[in-house]
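One gets my numbering by counting positions in the sequence shown from 1 and adding 10 to each. Cβ coordinates follow ideal geometry from the N, Cα and C atoms, glycine included. Keep in mind that this is a model prediction, so the values were computed, not measured. One structure is given here, and the rest of the page talks about it.
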Amino acid sequence: MTQAFDQANAEALVAWLAVLARAAPEGDEPILVDQLDGYLTGLRCGPIHAEPLQAMDALFGDDWPAALDAEDATEAFMDALHRRWLEIGAALEPGPLRAAPEAMRLMPLLTEFDAETQAGLVAAGVMTPDQADALPPSGLLWCEGFLRAVRDHDADWHSFAAGSEAAAELDAMLLAVTAVTLPAGTRRERYIEAAYDPEDAVDQEVLVDDALFSVQDLRLFWQQATGERPLS
11 MTQAFDQANA
21 EALVAWLAVL
31 ARAAPEGDEP
41 ILVDQLDGYL
51 TGLRCGPIHA
61 EPLQAMDALF
71 GDDWPAALDA
81 EDATEAFMDA
91 LHRRWLEIGA
101 ALEPGPLRAA
111 PEAMRLMPLL
121 TEFDAETQAG
131 LVAAGVMTPD
141 QADALPPSGL
151 LWCEGFLRAV
161 RDHDADWHSF
171 AAGSEAAAEL
181 DAMLLAVTAV
191 TLPAGTRRER
201 YIEAAYDPED
211 AVDQEVLVDD
221 ALFSVQDLRL
231 FWQQATGERP
241 LS
């Protein structure tokens, strides 16, 4: 069963991220809620003890609170960020994941980049018209955020001996997430040929769904690998 999330809280996060985007230097690529949510999820399901502020520092630099302070919005933003952190943690609680491995519990924050959404992002000053025209398919930014969290803690994630069963299992799960970010072309086609049956109809939505299941599997993988005790 997919976990519910607080829609109003998600919209608040989007609004505060728009404040940060408007304060960013001209020409900087905006960080959308998709990337932040993916990064938070990478921290939540990985091998390290993490806090949500690590995602903000990684994506926005150490001075990100200044723009929110100017709007007297830092406390409200921190509350929204913490609420989302708890939602992700609840979705990745190992007990329910083990009890129903075929159930989708994650509900990522994904922006659907239709014409109305693009116009709204431009009107809010989050991005330029050229940037809006170049927006990627749904799910790609979320997976990029997740994979950035992995790269930023590479030594912790890739701590297994090369060629070991654990290393191979980890690589396979991460490859399912990476597949969402592959552009149309040879690499994407080769991945689909290797990972799916010929009769399967594989599109972006299928790749995103399978990436999310792999993220849930990664949570269980790391719980076992680190000896983390499940919550009672």
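The beta carbons of residue 94 and residue 23 sit about 6 Å from each other, so the pair counts as a contact at 8 Å. A residue is called buried when at least 16 other Cβ atoms come within 10 angstroms of its Cβ; residue 96 does not meet this threshold and is exposed.
For residue 104, the enclosing alpha helix (DSSP H) starts and ends at 104-109. When rounded, the separation of the alpha-carbon atoms in residue 30 and residue 71 is 11 Å.
Straight through space, the alpha carbons of residue 217 and residue 186 are spaced by roughly 7 Å. For the options 50, 122 and 55, the alpha carbon positioned closest to that of residue 63 is the one of 50. Close CB contacts of residue 214 within its chain, under the 6 Å cut and outside five residues either way in sequence, are with 147 (chain order).
In the structure shown, residue 125 falls within a helical segment according to DSSP collapsed to helix, strand and coil. Pairing residue 84 with residue 100, the inter-Cα distance amounts to about 24 Å. The criterion of a C-beta distance shorter than 9 Å is not satisfied by residue 78 and residue 46. For residue 183, the uninterrupted alpha helix (DSSP H) run begins and ends at 175-191, by DSSP.
In its chain, beyond the 5 residues on either side, 198 have a beta carbon closer than 6 Å to the beta carbon of residue 192. For residue 169, the three-state secondary structure derived from DSSP is coil. A residue is called buried when at least 16 other Cβ atoms come within 10 angstroms of its Cβ; residue 226 meets this threshold and is buried. Taking the Cβ atoms as the reference, residue 222 lies roughly 7 Å from residue 118, within the contact range of under 8 Å.
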